[in-house]
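Participant: Listed in order, the protein sequences are those of chains A and B.
Going by the numbering used here, the first residue of the first sequence is number 121, and it counts up by one from there.
Going by the numbering used here, the first residue of the second sequence is number 121, and it counts up by one from there.
Structure below; questions to follow.
Protein chains: 2
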Amino acid sequence: MPETYRAEIRQLDLFADMEDSNFETLMRGTYVQTFPPRIDLITEGDPSDFLHIVLSGSVDLFACWNGRETSMATVRPVSTFILAATIREAPNLMSARTLEKSRIALLPSEDVRAVFDTDGAFARAIVRELAQCYRTVVKNTKDLKLRTSLERLANYLIRHSARTASSEFELNMEKRRLAAFLGMTPENLSRAFKGLEPYGVKVSGSNISISDPDDLARFAKPDLLIDDYST
Amino acid sequence: MPETYRAEIRQLDLFADMEDSNFETLMRGTYVQTFPPRIDLITEGDPSDFLHIVLSGSVDLFACWNGRETSMATVRPVSTFILAATIREAPNLMSARTLEKSRIALLPSEDVRAVFDTDGAFARAIVRELAQCYRTVVKNTKDLKLRTSLERLANYLIRHSARTASSEFELNMEKRRLAAFLGMTPENLSRAFKGLEPYGVKVSGSNISISDPDDLARFAKPDLLIDDYST
DNA sequence: ACAGGTACTTGACAAATATCAATCGAAATC
DNA sequence: GATTTCGATTGATATTTGTCAAGTACCTGT
């Protein structure tokens, strides 16, 4: 594996503090592959053979049941997915596909578990990562159960606006995926955008501008315990 | 702290493998308290001062936003809650209240973090616990996003029936809480029970009987990747 | 430039779900 | 035993959300 990838992975919180020898053990079985867009990486129910790390590009985590499909999360560089399944040696709960051309590192789950069993620093790093993931999903559940779709969209836009530190920005995913992520149909998302017009939200293609952020916030009522993805 | 509690806690997966001396450190600051029903233990947003362990009774984890409230989970003996917030030294995302008279052990979060930093076995146990919690919340999200309320209720009943290994059982919580947990209103839950009558679900107070489990399952389409809480 | 596909939008309609008000019924209190 | 209280139910209605069937706009590849 090229040295540049190795250095990139080593710098991740997850691997930064572990023993050199253990890191080497992990890297020995690791390979990095570039995938085209829209490639299925994982199907839910499959055994978790590899811990995946997104080095570049982006990956959609989604789930299906009874012919329906929903988007659960987007993984962007540099972070991992399928960590919980790897640790528990359990089937993946979500499927994954590339959204664009993406470079993915694949670490054999067996190796991850083996190193995890002996390297305390690695175990602690995994704890922090999992605790973060857990809290993100809990926030998501609160968003889904406590808010209407219009409120979810309004808060999503406010979060996005905060991330880009700008009241005008581009949606970084297709509206159909955004709709699935927010738990609604594409048709409903269209109408929800219309429904936010009175609060100063202007939509033109994937370009969003918020003319009066305070007005939108009065409607959306963003809450640190739902919308702050930093803790 | 009485020796019986100590032994009870020591046997938990979370504490079973750690160093004796570290366990002693943890227990030094721990106290056990009995709470009456309907007592608030934690309010969301509060700092996570204590890791809580339910020794007996049961605890409702719930969340609020904008005057609305929903139930997120029920914690039953013997397990912990507020683990992720403790580890990340972050505010609690959920509130907690006793459902009945309950014995709760309280471990100072600082001590938990200190021992976590030095005891690899403890860190590994936390990983397994958190990975489990994470997967549970993911399953919950899939349930919410991919199923209608009628389907959620049907699958809940099937899971409950499987847990008690019987086609007749008692609901172990108020219907209003069940409604909140399933993401619907109490009125809707009443109607949902009626809606399941054609599939052989009979309700009398909190007593549920399923006359034709296969018929109900054909409607509910239970799925290991949503409904199996063991992995 | 054009054709074809795909995402997005819109309108009409249907289904699901929430809300409000009233009532019922069982458990708790006096 | 009567009363009170509170959760559960029911009916009527409103709102939200989804579905279906167009039509439009945009991108892509030839």
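The beta carbon of each residue, even a glycine, is placed where N, CA and C say it ideally should be.
The structure presented is a predicted model; accordingly, all values stated were derived computationally and were not measured.
On the DSSP letters alone, give me the boundaries of the alpha helix (DSSP H) that A:Ile346 sits inside.
Facilitator: Residues 344 to 347.
Participant: Just the C-alpha distance for B:Pro157 and B:Ser222, rounded to the nearest angstrom, thanks.
Facilitator: Approximately 7 Å, taken between the alpha carbons.
Participant: CB-CB under 8 Å to A:Lys295, same chain, minus the five flanking residues each way: which ones, in chain order?
Facilitator: Once the five neighbours on either side are set aside, the close Cβ partners of A:Lys295 are Pro306, Leu309, Ser310, Ser326.
Participant: Using a 10 Å radius around the Cβ and a threshold of 16 neighbouring Cβ atoms, would you call B:Ser281 buried or exposed?
Facilitator: It is buried - the Cβ of B:Ser281 has at least 16 other Cβ atoms within 10 Å.
Participant: Report the neighbours of B:Ala243 on chain A: residues whose CB is nearer than 7 Å to its CB, in chain order.
Facilitator: Simply Gly240, Ala243, Arg244, Val247.
Participant: Alpha carbon to alpha carbon, what distance is there between B:Ser191 and A:Ala241?
Facilitator: Taking the straight line from one Cα to the other gives about 35 Å.
Participant: State the beta-bridge partners of B:Pro228 as determined by DSSP.
Facilitator: The partner list for B:Pro228 (beta bridge, DSSP) reads B:Phe170.
Participant: Going along the region 284 to 312 of chain A in order, which residues come within less than 7 Å of chain B, judged by CB to CB distance?
Facilitator: Per Cβ criterion, the list reads Gly303.
Participant: So B:Ala251 and B:Ile173 are supposed to be a Cβ contact under 8 Å. How far apart are they, rounded?
Facilitator: Their Cβ separation, rounded to whole angstroms, is 19 Å, which puts B:Ala251 and B:Ile173 out of contact at 8 Å.
Participant: What's the C-alpha gap between B:Ser331 and A:Ala204?
Facilitator: Using only the alpha carbons, I get a separation of about 38 Å.
Participant: Beta carbon of A:Leu227, beta carbon of A:Thr150: below 8 Å?
Facilitator: Yes, Cβ-Cβ distance for A:Leu227 and A:Thr150 is below 8 Å.
Participant: Touching or not, the region 249 to 265 of chain A and the region 177 to 195 of chain B, by the rule of three or more beta carbon pairs under 8 Å?
Facilitator: With a cut-off of 8 Å, the region 177 to 195 of chain B and the region 249 to 265 of chain A count as touching, because enough Cβ pairs lie within range.
Participant: Alpha carbon to alpha carbon, how far is A:Thr124 from B:Leu181? Give it in angstroms, no decimals.
Facilitator: Cα to Cα, the separation comes out at about 45 Å.
Participant: Would you check if there are 3 or more beta carbon pairs closer than 8 Å linking the region 159 to 170 of chain A to the region 230 to 244 of chain B?
Facilitator: No, because fewer than three Cβ pairs between the region 159 to 170 of chain A and the region 230 to 244 of chain B fall closer than 8 Å, the two stretches do not touch.
Participant: With H, G and I counted as helix, E and B as strand and the rest as coil, what does DSSP make of A:Arg65?
Facilitator: Residue 65 of chain A falls outside the range modelled here, since chain A spans only 121 to 351, and no answer is possible.
Participant: Residues bridged to A:Leu181 by DSSP?
Facilitator: Answer is A:Ala193, A:Ala216.
Participant: Report the neighbours of B:Asn142 on chain A: residues whose CB is nearer than 9 Å to its CB, in chain order.
Facilitator: Correct list: empty, because the minimum Cβ distance to chain A is about 12 Å.
Participant: My assumption, with CB atoms under 8 Å, is that B:Glu249 sits in contact with B:Met214. Please give the rounded CB distance.
Facilitator: So it is not a contact: roughly 16 Å between Cβ atoms.
Participant: Could you tell me which chain A residues have their CB closer than 9 Å to the CB of B:Met214, listed as they occur along the chain?
Facilitator: Result: Val258, Lys262, Leu345.
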